[in-house]
Every structure is written in structure tokens, then in C-alpha cells.
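Per my numbering, the sequence shown runs over residues 44 to 143. Here a beta-carbon is modelled for each residue, glycine too, at the ideal position from N, C-alpha and C.
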Amino acid sequence: MAIIEITIIPVGTGSTSVSEFVAEAYKIVKNSGLSFELTPTATVIEGDIVKLFELARKVHESPFRKDVKRVITTIKIDDRRDKLTSMKYKKKSVTEKVGE
């Protein structure tokens, strides 16, 4: 199972706030049925890599539907294939190492 972190930045909206666009992206991710976590600066999603790429495209396209003319999207991909992993497992591995 792969994990991606995605951030969208609509450019030229006339506002410093992006919450309207993040809310729309959140709906798209939530409706995907994939496991995800919304963070203050990105959304982390886990699932099949093909489905993740399809979802990333939908998230990237969403600001354009609100008449935004430019969008910068950053995607990080963690695609480990030697064993199954998850967001929960990765966090647990770290907290165990620090004794929490």
C-alpha cells in the first residue's frame, strides 16, 4: 500500500486564505473511500498507487472549477513494496522508539 502527501496552492486568488479550496479537496478525498488524515498543511492518503494518482489528479483539478487560473500541487509518494505498511504503522513505529 502506498502513501501520498498532497498540498494544493491556488495562485492569484486575491486572498491569503486557502481554506475554501482545501475544503473542496477534503470532500473529494473523503468521498474516495480511501483512508486519509487532514493536517494543517497537507493531506496524507493511503491506498493503491493507481487510485492515489487518480485521486491526486481530481484534487489538483478542483481549484480550476472555482475559476482559479493557476494551481501549484506538491505530492510526496511513499511506495514501499517489501512489506505492507500504513500511516498508523509508521506513526506507531516512531512512538515506540521514543517510548510513548
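Taking contact to mean at least 3 C-beta pairs separated by less than 8 Å, is the stretch 122-138 in contact with the stretch 105-114? no
Where residue 50 and residue 80 are concerned, what is the direct C-alpha to C-alpha distance, given to the nearest angstrom? In the sequence shown, the residue the question calls residue 50 occupies position 7. In the sequence shown, the residue the question calls residue 80 occupies position 37. The straight-line gap from Cα to Cα measures roughly 12 Å.
Give the secondary structure of residue 83 by DSSP, where H, G and I count as helix, E and B as strand, and everything else as coil. As a position in the sequence shown, residue 83 is number 40, starting the count at 1. Coil.
Under three-state DSSP, which class holds residue 124? Taking the first residue of the sequence shown as 1, we reach residue 124 at position 81. Three-state DSSP puts residue 124 in coil, outside helix and strand.
Among 135, 138, 102 and 130, nearest to residue 89 - alpha-carbon criterion: For the purposes of this step, residue 89 is identified with residue 46 of the sequence shown, where counting begins at 1. When each option's Cα is compared against that of residue 89, the closest is 130.
Across which residues does DSSP place residue 90 in a beta bridge pair? The residue given as residue 90 occupies position 47 in the sequence shown. Answer is 45.
Can you check which of these residues, 57, 137 and 53, is closest to residue 68 by C-alpha distance? Here residue 68 refers to the residue found at position 25 when the sequence shown is read from its first residue. Ranking 57, 137 and 53 by Cα distance to residue 68 puts 53 first.
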